[in-house]
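A short write-up of the structure that comes next.
Numbering (this note's numbering), first residue to last: 6 to 401.
Here's what the structure looks like:
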């Protein structure tokens with residue numbers, strides 16, 4: 006390669022970010038990951054589906070820590086793993102994962118060599134990706150690389166549109182360097198619109214027919230996320246791809262199987278002070294005491310994933326009882342009103358997400374409740390817990 010060749014032509018060096026490790030943690034803020042609940046959810050979903058589970062572990066396993074989660078699921082019987090990014094797949098290979106890893110994000114740039122070196126299976130969504138991948142396989146001199154094809158049946162993000170599928174199939178059929186291992190699609194409304202699912206399945210069948218007409222065959226088809234795995238048996242095909250369900254939630258699916266939450270986020274009170282009536286707290290003085298109030302400070306803020314949208318509206322758990330967030334959630338700290346929590350003291354546990362049993366009772370702050378309070382979805386609540394919050398893995 007010439008030294009004058011533009012840097013954009015150089016293959017990227019893919020690195021994976023590091024998270025805070027338990028051994029180096031100083032703050033009492035941490036996320037506790039219940040591995041027994043994770044295995045329970047995998048087993049429940051496998052029994053429901055009746056076909057192999059390929060666990061979706063994108064976004065650092067929905068914030069739970071992909072490496073430890075993947076190793077646990079591999080030992081518990083997951084047949085494969087799905088990620089969004091090449092970087093995520095490399096992180097799992099470097100952690101020793103032996104399962105098939107499907108990279109679904111669709112953007113590979115010049116990183117075809119990384120896919121081959123780390124035995125990652127790409128999802129191909131565009132015709133122009135085929136020649137680039139085939140050229141890399143020829144250059145590497147190895148066996149054909151297994152790929153999955155994504156057909157766009159209505160999600161309108163990635164995938165080969167039905168109108169372009171014949172030309173795509175013709176190109177693929179002429180490339181011996183590429184081995185077709187699977188065909189997939191993705192539902193837009195699996196949790197809310199059965200008619201939409203039925204329409205997408207019909208288009209998927211039509212797309213598979215186009216591929217077969219060009220002499221293509223494959224060992225597996227797949228379409229079902231968590232909601233479709235539970236609610237749409239005809240969408241299960243040869244494997245299913247649950248994500249959020251593995252971590253204890255199936256929003257929008259009533260009367261589904263019992264799933265257990267896997268993440269619990271806790272911290273501690275690090276300061277206490279008494280505010281007189283009329284005094285305020287936090288940036289912008291957005292909360293003013295209407296009475297003499299006992300205010301506690303916790304070392305967790307929006308930089309850790311405690312949403313700023315919870316300012317003056319959210320609650321945390323102290324001694325088994327809810328304490329309102331007062332004032333603005335700041336980057337590193339948050340204030341809570343513990344006036345009505347007798348005995349609140351420095352070093353008391355504060356639960357941000359999950360359940361707590363204490364001397365004043367027992368309660369739960371679920372990801373769904375937090376999502377409703379902040380105008381978002383449970384997926385975002387989990388993935389927002391940042392990498393500077395160490396994950397502690399528990400069997401119970």
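Here a beta-carbon is modelled for each residue, glycine too, at the ideal position from N, C-alpha and C.
If you're wondering where the values come from, they're calculated on a predicted model, not measured in any experiment.
In this structure, residue 288 keeps its C-beta atom at 8 Å or more from the C-beta atom of residue 38. Pairing residue 104 with residue 190, the inter-Cα distance amounts to about 21 Å. Three or more Cβ pairs closer than 8 Å define a contact, and the region 292-300 falls short of that threshold against the region 370-383. The beta carbon of residue 264 sits closer than 7 Å to those of 46, 49, 250, 253, 254, 255, all from its chain and outside the five residues before and after it, given in chain order. Runs of the beta strand (DSSP E) lying entirely within the region 336-389 and spanning at least 3 residues, in chain order: 339-342, 354-363, 366-370. Counting along the chain, the unbroken alpha helix (DSSP H) around residue 65 starts and ends at 63-67. Contact annotation, residue 276 with residue 302: C-beta distance approximately 4 Å; criterion of less than 8 Å satisfied. In this structure residue 273 is in contact with residue 352, their Cβ atoms being roughly 5 Å apart against a cut-off of 8 Å.
Counting C-beta pairs closer than 8 Å gives fewer than three between the region 175-187 and the region 200-209, which falls short of the contact rule.
Contact check between the region 178-187 and the region 123-139: three or more CB pairs, one atom from each, fall below 8 Å, which counts as touching. Close CB contacts of residue 196 within its chain, under the 7 Å cut and outside five residues either way in sequence, are with 232, 256, 257, 258 (chain order). Residue 169 is a Cβ neighbour of residue 132, given a cutoff of 8 Å. Per DSSP, the unbroken beta strand (DSSP E) holding residue 278 starts and ends at 276-280. With respect to the C-alpha of residue 80, the residue from 283, 372, 384, 102 having the closest C-alpha is 102. Bridge partners of residue 60 according to DSSP: 86. Contact annotation, residue 286 with residue 36: C-beta distance approximately 26 Å; criterion of less than 8 Å not satisfied.
Considering only 218, 187, 157, 221, the residue with the shortest C-alpha distance to residue 202 is 157.
For residue 320, there is no enclosing alpha helix (DSSP H); the enclosing beta strand (DSSP E) has its first and last residue at 320-323.
Taking 8 Å as the upper bound for CB-CB distance, residue 126 and residue 107 are in contact here, some 5 Å apart. The beta carbons of residue 154 and residue 116 sit about 19 Å from each other, so the pair does not count as a contact at 8 Å.
For residue 198, the three-state secondary structure derived from DSSP is coil. Cα atoms of residue 58 and residue 279: separation of roughly 53 Å, rounded to the nearest angstrom. With respect to residue 356, residue 311 sits apart: the two C-beta atoms are not nearer than 8 Å. Its chain contains 87, 246, 247, 248 as the residues whose beta carbon lies nearer than 7 Å to that of residue 61, once the 5 sequence neighbours on both sides are disregarded; these appear in chain order. Short of 6 Å from the beta carbon of residue 314, and not among the five residues preceding or following it, lie these beta carbons of its own chain, in chain order: 379.
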